[in-house]
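> Quick one: structure below, then a few questions.
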Ligand SMILES: Cc1cc2nc3c(=O)[nH]c(=O)nc-3n(C[C@H](O)[C@H](O)[C@H](O)COP(=O)(O)OP(=O)(O)OC[C@H]3O[C@@H](n4cnc5c(N)ncnc54)[C@H](O)[C@@H]3O)c2cc1C
């Protein structure tokens, strides 16, 4: 048998919202928070049972920089709020009091505005923050389809322990990291060409210390490699878009972790694996084919529709404006943020990180709450004014 026809079903509508956010990673958290703060009735749907996505369940606990590496902060608003929240009860590493409390200009030039947080503490704090602000959270729920009329999404179809249900909203935010909702809506999407090398970050307890083991560093974009280097690189690549492949990657990562751990001996009262990721550590998968596709050469380019600023985590200097047009495509009432914004493969390595996910999340959260009919008709000047009111810097000449 090659295929089976799934029976069409009538599903109950379980909720009506102004804004629905699918995915509770950093981008989804930022967007749900921003949307609710604009007065929109907001639902956040998350397939896991904790918030934070890769940053918490994926054990990616380094909040990369909010600054340009030369002493100037560039990302503000919720990007900064979440960084502060992540270390509210202490740092795991990278104490940055000179950024958070006292203004030591010389230290700021030398050490970037980045930190390392505890994944579990941060996940709980994010949950408490959203609940205190009035965001509804639906855990253990996957968005598995969208219901559309023309270029509009009317509802998301979800699946959880209760079965299949529908949630209706005026605007939707795809914060799944993989542009799942855009794919479900048959909107054009682009897969990451280079593929991902395996990563297997985990926490261990060893020599009286609780430590993050970062195994599997990020890959350099092909653009910066020689032809020879590309040809000689035989590491297996993962798309992150295939269920079976993700399961194989997960098993491979688990065995790499165990091998690494056993090199220092077995389990005893001074040696243990503390936590392994509960989501695959995949960096780039699928993005929307947005109204604009941004590339890494657009340093300090000014856009009329900029909605925030971010830096290059890999090196000092570059600062980018984020055009609003990278955050939507041909669907009238759906945005994206986080890992799936519309950028080239080379730029993706810069925009996929936690601070940029928060910057894009905040922008679309406000935009979704403002949306009346079509995104194309949204007043971007008003959106920028609302972002500025939250402390966000829009253009590089405001720094
Ligand atoms: C190995 C590795 C190392 C990294 N290192 C760093 C680093 O040091 N610092 C840094 O800042 N960044 C780093 N990154 C990047 C960064 O962690 C992520 O890109 C960022 O956290 C992504 O946030 P997001 O919200 O866009 O997506 P995600 O964190 O992927 O969140 C998406 C959320 O949506 C949920 N979801 C997905 N599909 C559905 C669905 N259909 N229905 C409902 N829910 C759904 C997921 O469960 C998840 O919670 C690293 C990434 C990797 C993989």
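Numbering (this note's numbering), first residue to last: 1 to 399.
All C-beta atoms in this analysis are idealised placements derived from N, C-alpha and C, irrespective of residue type, glycine included.
Could you check whether residue 38 and residue 369 sit closer than 8 angstroms to each other, using their CB atoms as the reference points?
Counted from its first residue, the chain shown places residue 369 at position 369. Counted from its first residue, the chain shown places residue 38 at position 38. Less than 8 angstroms divides the Cβ of residue 369 from the Cβ of residue 38.
> For the beta strand (DSSP E) that contains residue 204, what are its first and last residues?
Taking the first residue of the chain shown as 1, we reach residue 204 at position 204. Segment 202-206, the beta strand (DSSP E) holding residue 204.
> Quick check for students: name the residue ranges of the beta strand (DSSP E) that lie wholly in the region 34-60, counting only runs of 3 or more.
Qualifying beta strand (DSSP E) stretches, in chain order: 42-45.
> Quick check: is the beta carbon of residue 304 nearer than 8 angstroms to any beta carbon in chain D?
Looking at the structure shown, chain D is missing, and only one protein chain is on hand.
> Strictly by DSSP, which residues pair up with residue 137?
Reading the chain shown from its first residue, position 137 is the one you call residue 137. Answer by DSSP bridge pairing, in chain order: 44.
> Figure out for me which residue from 344, 23 and 29 has the closest Cα to the Cα of residue 284.
Residue 284 sits at position 284 when you count from the first residue of the chain shown. The shortest C-alpha separation from residue 284 is found at 344.
> Roughly how far, in whole angstroms, is the beta-carbon of residue 40 from the beta-carbon of residue 279, given that I think they are within contact range, below 8 angstroms?
Stepping through the chain shown from its first residue, residue 40 is reached at position 40. Stepping through the chain shown from its first residue, residue 279 is reached at position 279. A Cβ-Cβ distance of about 28 angstroms is found for the pair residue 40 and residue 279, leaving them out of contact under the 8 angstroms criterion.
> Measure from the alpha carbon of residue 174 to the alpha carbon of each residue in 139, 100 and 365, then state which is nearest.
Within the chain shown, the letter at position 174 stands for residue 174. If we check each option's Cα against that of residue 174, 365 comes out closest.
> State the Cα-Cα distance for the pair residue 282 and residue 339, rounded to the nearest angstrom.
In the chain shown, counting from the first residue as 1, residue 282 sits at position 282. In the chain shown, counting from the first residue as 1, residue 339 sits at position 339. Roughly 10 angstroms between the two C-alpha positions.
> Taking C-alpha atoms, which residue in 4, 146, 180 and 71 lies nearest to residue 164?
Sequence index remark: in the chain shown, residue 164 carries index 164 (1-based). That would be 146, whose Cα lies nearest to the Cα of residue 164.
> For the beta strand (DSSP E) holding residue 163, just list the boundary residues, first then last.
Taking the chain shown and counting its residues from 1, one reaches residue 163 at position 163. Residues 163-174.
> Go through the region 236-281 residue by residue and report every complete run of the alpha helix (DSSP H) that reaches 4 residues or more, in order.
243-262
> How should residue 323 be labelled, buried or exposed, when 16 other C-beta atoms within 10 angstroms of its C-beta is the threshold for buried?
Indexing the chain shown from 1 puts residue 323 at position 323. Under this definition residue 323 is a buried residue.
> List the endpoints of the continuous alpha helix (DSSP H) containing residue 98.
Start at 1 with the first residue of the chain shown, and residue 98 comes out as number 98. According to the DSSP assignment, residue 98 belongs to the alpha helix (DSSP H) that extends over 97-100.
> Using DSSP with H/G/I as helix, E/B as strand and the rest coil, what is residue 76?
Taking the chain shown and counting its residues from 1, the one referred to as residue 76 is at position 76. Three-state DSSP puts residue 76 in coil, outside helix and strand.
> Taking the alpha helix (DSSP H) that residue 356 belongs to, which residues open and close that run?
Translated into the one-based positions of the chain shown, residue 356 becomes position 356. Its alpha helix (DSSP H) spans residues 354-370.
> Expressed to the nearest angstrom, what Euclidean distance is found between the alpha-carbon atoms of residue 310 and residue 362?
For the purposes of this step, residue 310 is taken as the residue at position 310 of the chain shown. For the purposes of this step, residue 362 is taken as the residue at position 362 of the chain shown. For residue 310 and residue 362, the distance between alpha carbons rounds to 13 angstroms.
> Examine ligand 1 and report whether any of its heavy atoms sits within less than 7 angstroms of the Cβ of residue 352.
For the purposes of this step, residue 352 is taken as the residue at position 352 of the chain shown. Yes, the beta carbon of residue 352 sits closer than 7 angstroms to at least one heavy atom of ligand 1.
> Assuming residue 274 and residue 205 make a contact with CB atoms under 8 angstroms, what is their CB distance in whole Å?
Here residue 274 is taken as the residue at index 274 of the chain shown, counted from 1. Here residue 205 is taken as the residue at index 205 of the chain shown, counted from 1. With 8 angstroms as the limit, residue 274 and residue 205 qualify as a contact, their Cβ atoms being about 5 angstroms apart.
> The beta strand (DSSP E) with residue 211 in it runs from where to where?
Along the chain shown, one-based indexing puts residue 211 at 211. From DSSP, the beta strand (DSSP E) with residue 211 extends over 209-213.
> Count Cβ pairs between the region 186-198 and the region 235-242 that sit closer than 8 angstroms; are there 3 or more?
yes
> Taking contact to mean at least 3 C-beta pairs separated by less than 8 angstroms, is the region 125-139 in contact with the region 19-35?
yes
> Cα separation between residue 393 and residue 68?
Counting from one through the chain shown, the residue named residue 393 turns up at place 393. Counting from one through the chain shown, the residue named residue 68 turns up at place 68. Spanning the two alpha carbons is a distance of roughly 13 angstroms.
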